[in-house]
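A.B. asks: Submitted below is the structure of interest, expressed as structure tokens.
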Amino acid sequence: MRVNCPHCSTKAIITGSKDLAVNNIELYCQCMNTQSCGASFVFALEYKHTTQLPNQAPTPVTTE
Ligand SMILES: [Zn+2]
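Going by my numbering, 31 is the number at position 29 of the sequence shown; the sequence numbering is gapless.
Structural data, given as structure tokens:
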């Protein structure tokens, strides 16, 4: 997964995550442009919809 800094558009790294729910995760990110930016920020990762159903034993989608 690629995340770009919202302040300078430089590539950022994901330094941590926090599960808010099964389908909703916060990603803690650090900008790699340490010379002129160095921002830390949080991205949200959220389930949208299924594009192909699982082959066996599907897990119901929860919508918390
Ligand atoms: Zn940046």
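Built from N, CA and C at the ideal position, the CB exists for glycine as well. Please read these numbers as outputs of a predicted model, since none were measured by experiment.
#1: Report back the beta-carbon spacing between C31 and C39 to the nearest angstrom; my notes put them in contact at under 8 Å.
#2: For the beta strand (DSSP E) that contains V44, what are its first and last residues?
#3: Using only the alpha-carbon positions, how far apart do Q54 and P62 sit?
#4: Going by DSSP, which residues form a beta bridge with L29?
C.D. replies: Checking against the coordinates, here is how it stands:
#1: In the sequence shown, the residue the question calls residue 31 occupies position 29. In the sequence shown, the residue the question calls residue 39 occupies position 37. Not a contact, Cβ separation roughly 12 Å.
#2: The count along the sequence shown starts at 1 and reaches residue 44 at position 42. V44 -> beta strand (DSSP E) spans S42 to E48.
#3: Stepping through the sequence shown from its first residue, residue 54 is reached at position 52. Stepping through the sequence shown from its first residue, residue 62 is reached at position 60. For Q54 and P62, the distance between alpha carbons rounds to 14 Å.
#4: Stepping through the sequence shown from its first residue, residue 29 is reached at position 27. For L29, which the question treats as bridged, DSSP gives the partners S19 and F45.
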